[in-house]
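Residue numbering for the sequence shown follows the UniProt record's numbering, beginning at 1 and increasing consecutively. Beta carbons are placed, not taken as given, at the ideal position from N, Cα and C, and that holds for glycine. In what follows, a structure is listed as structure tokens, so that the remarks can point back to it.
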Amino acid sequence: MKENGDQSPASISISILGNGGKGNPKSLYVFTDNHRYLFNCGEGTQRLANEHSMKLMKMENVFITNTNWTNCGGLPGLSMTLQNSGWNKLRVHGPSDLVELYQMTKIFGITADMNVEQHDYEKGNFRDSCMEVERIALSRFNEIGDSATKKQKVVGDVFCYLCTFHDKKGELLIQKCIELKVPRGPLLGQLKAGVDVTLPDGRKVSAKDVVGPCEKGPLLLVIDCPSFSYVKSLCDITKPWQQKFKDSNAPKVVVHFTSTLVTKTEDYQQLISSFPEETTHLFINESNYPIAHYGIYMLQYKLNLVDDTIFPNLKYLSDENEQNSEILQRFNSFRRSQFAPGQTNLSLILRPLTKLGAYFPTPRAAYKESVIEEISQIDDLEEALDEYKKACAELNMDNSFYPNVIFLGTGSACPSKYRNTSCIVVKINDKTSFMLDCGEGSFGQFYRLFGKDAENELRKLKGIFVSHHHADHHLGLIEFLKKRETLNVDPLIAILPSAVGDWLKQYDYYEKISHLYKYYCSNDFRAPNSCKSLLKQLHLNSFVTVKVPHCRDSLGIVFKTNSQPSYKIVYSGDAMPSTNLIREGHDCDLLIHEGTMDDDMKEEAIMKRHSTISQAIDVGKQMNAKITLLTHFSQRYSKIPIIPEDAQNVGIAFDNMCISLSQLPKLPLLLKPLKTLFAENYDEMIFESEKRIARKQFLRKYV
Ligand SMILES: [Zn+2]
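In structure tokens form, the structure reads like this:
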């Protein structure tokens, strides 16, 4: 039975969140006046939603087309954010064991209070006040011999969804009501709701005479055909619908999560052409334009103007005019055809029909020009840059590139527009690199930084160390493992806390990944030279883990590169100041230390077992570190944290920062131009900090 038409949404839109382009997740956002839905949720989905102001809060239903990390890798992180904002229920749709996958994430504390349930399609379609959803399982046909007849049908684990939005009741025709002398008041409401009424004078008025025609609910079809072996099943299943679509209600939009290669097959092309012309097709796959994080591209342009070695420009940003014309061309051709460009932020409106059918993100004004225009207005920047360049020249540094430390994520907790969650790549030499932590979306960061070289850089990646089990330090690992799978390389050396090791083992039940890494429990690396063969593979002279105060399995590390000269590098992971780390890391060349909290938030830092900026600097002093490089900033300091004026031998990490060990002396010199570049933001941060201090003083004194 249909629900009350009044509940049927007055507006329905769909937007591309992650367009599946290189380094981007796949995700589609559907929203109405009162409900929000997500179809697939790859890593980085919530970061894109943040940047493009698509509100994922109060998300109620997430539909997954198949359990594969590419489609659901962003779900644990998103759930954690939802839970932290007080939203604690979520319904998932997809393969029957999806909810178990969810349960597993409880190993590392995600969704501890989240009530996740799964809709059981065996009992019937899903239905709420907006729409009814039919889940269609696809089957796979595997070749089991060379004869075409020898095919093995595998029961489907891939799902498509046919969403039928409820009809919208017709409008009450006021003029007709006036003519029939229907009095103001509740009778009008009853007529609008489709109920026939009797007027006070005894006349009967039929609702159908005073209510306009109802608006048919639009159809949205979401298809995923992950490989050629599913195409036949998809075509068989959709065949009987074609006549129905032609005769009455054709899907307004068909969203294809299918890869380009599969869409190009004859059968798939036939399927597309079997839909009526008024159906719009939207493709979310690897062929789409890769740039969606405009914020980080703009920021890197600015930083690049300060130092183009430490902050190289990101890849895939071709000439702005060329890019704009490509986007416009795609959009203009969409106006003439039924294929919409798969661009993040593209919205298609399914209701109301009177509105413009599609909104498209306005192509950005020329990035470089607008950045130059913006920063040329900043007071004292020119002087600060001249001073910096002069001071760097006087340092007379050696220009060797290796070892080189690359920051892919420098923010804490959940990713923000400018800072992704923890990930550092240490390039030991031109053949070997090693990763420290790997938060959600790290592969996207890797891809944007290395571009066409990403595959080559993946081959060089020989190992990873995860400092502790908190989700912002390892949720990006599975994607790296999967991307390395096709490269015919040795399994990745994975030095992990046991909780992360257990999680990967369990995840293997859903997707085979155990052959892609060699697990070492991080607790076994307490002694120097604990595993000589491993040191050889990683091109290190020594590698020691140090217990640090944060959570039960938190470790920092101290390692020496086997380069000439050898460098001693210390990474704190998440930690309060640690005497163990100070002792073990003494006289290091580089201390990478977390500085999550501003100095005025000492109490909060203790509560969350993190360090303040000044505490981290002090650890560096006590350690006699040549340089202390701060990272893992609270997302409150999205652009730049507050650094004490008297700080010495200190640098600040940014996403996409690449610093060779030989160039470390540049870092303290960078502080002044960076503070000048972000002066507006910096002054605001200081103002906010002063407000917090004043508030705390007041509370201490009077409350
Ligand atoms: Zn942590």
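Any heavy atom of ligand 1 inside 7 Å of the beta-carbon of residue i?
i, result
"Cys551", "yes"
"Asp437", "no"
"Lys380", "In the sequence under discussion, the amino acid at residue 380 is Asp, which differs from the Lys named in the question. The answer is no for Asp380."
"His593", "no"
"Asp574", "yes"
"His474", "no"
"His470", "yes"
Closest to residue i by CA distance: which of the options is it?
i, options, result
"Thr410", "Ile606, Leu436, Leu75, Phe654", "Phe654"
"Asp120", "Cys130, Ile107, Glu134", "Glu134"
"Thr628", "Lys302, Ala292, Leu535, Lys568", "Lys568"
"Pro226", "Lys252, Pro415, Lys264", "Lys264"
"Leu173", "Gly451, Pro213, Ser139", "Pro213"
"Val254", "Val371, Gln118, Ser638, Ser274", "Ser274"
"Leu538", "Ile428, Trp503, Ala499, Val262", "Ile428"
"Asp97", "Leu346, Val116, Asn34", "Val116"
"Lys168", "Trp241, Cys130, Gln175", "Cys130"
"Ser566", "Val558, Ser572, Asn40", "Val558"
"Asp386", "Ile310, Val306, Leu82", "Val306"
"Asn345", "Glu383, Cys658, Asp574, Ser13", "Ser13"
"Ile592", "Tyr637, Gly620, Arg583", "Gly620"
"Ile272", "Pro251, Ala292, Gly86", "Pro251"
"Thr260", "His632, Glu604, Asn19", "Asn19"
"Val650", "Tyr517, Pro668, Glu60", "Pro668"
"Gly501", "Tyr519, Gly73, Arg127", "Tyr519"
"Pro290", "Phe108, Leu449, Ser11", "Leu449"
How would you label residue i, buried or exposed, when you count the other beta carbons within 10 angstroms and need 16 or more for buried?
i, result
"Lys150", "For Lys150, the predicted structure reports a pLDDT of 49, less than 50, and the residue's modelled location is therefore unreliable. The matter cannot be settled from this model."
"Lys208", "exposed"
"Gly202", "exposed"
"Glu51", "buried"
"Asn285", "buried"
"Lys666", "buried"
"Glu277", "exposed"
"Ser147", "Per-residue confidence for Ser147 stands at a pLDDT of 44, beneath the threshold of 50, marking its modelled position as unreliable; the derived number appears in the next sentence. Exposed, because fewer than 16 other Cβ atoms sit within 10 Å of the Cβ of Ser147."
"Asn24", "buried"
"Gly185", "exposed"
"Tyr402", "buried"
"Lys192", "buried"
"Gln269", "exposed"
"Glu179", "exposed"
"Asn321", "Low local confidence applies: a pLDDT of 46 at Asn321 is under 50, so the model's placement there is unreliable, with the coordinate-based value given in what follows. Asn321 should be labelled exposed."
"Pro183", "exposed"
"Gln300", "buried"
"Gly573", "buried"
"Lys452", "exposed"
"Gln243", "exposed"
"Ile406", "buried"
"Val62", "buried"
"Val210", "buried"
"Gln103", "exposed"
Which residues share a DSSP beta bridge with residue i?
i, result
"Gln118", "Val92"
"Val650", "Thr628"
"Ala137", "Phe159"
"Met371", "Reading off the sequence, residue 371 comes out as Val, not Met. BP columns for Val371 are empty, so no partner."
"Met657", "Phe407"
"Thr545", "Ile557"
"Met597", "Thr612"
"Asn288", "BP columns for Asn288 are empty, so no partner."
"Thr32", "Ile12"
"Asn61", "Tyr37, Arg91"
"Asn19", "Lys26"
"Thr421", "Gly411"
"Gly463", "Phe434, Ile493"
"Pro577", "DSSP lists no partner for Pro577."
"Val255", "Val222, Leu282"
"Met131", "Phe165"
Indicate, with yes or no, if ligand 2 has a heavy atom lying under 7 Å from the CB of residue i.
i, result
"Gln537", "Among the ligands in the structure shown, ligand 2 does not appear; only ligand 1 can be found there."
Query raised in the report: With a cut-off of 8 Å, do at least 3 Cβ pairs link the region 155 to 164 to the region 61 to 70?
Result: yes
Query raised in the report: At a cut of 8 Å, does the region 675 to 687 reach the region 374 to 393 through at least three beta carbon pairs?
Result: yes
Query raised in the report: Would you call the region 38 to 51 and the region 440 to 450 touching, i.e. three or more CB-CB distances under 8 Å?
Result: yes
Report task. Decide if the region 213 to 233 is in contact with the region 341 to 351; the criterion is three or more beta carbon pairs, one per stretch, under 8 Å apart. Result -> yes
Query raised in the report: Taking three-plus beta-carbon pairs below 8 Å as touching, is the region 454 to 474 in contact with the region 547 to 563?
Result: yes
Query - Meets three-Cβ-pair contact criterion under 8 Å: the region 448 to 460 and the region 527 to 546 - result: no
Query - Given 8 Å, three or more beta-carbon pairs between the region 488 to 502 and the region 85 to 94 - result: no
Query raised in the report: Pairing CB atoms from the region 480 to 487 with CB atoms from the region 505 to 524, are three or more of them under 8 Å?
Result: yes
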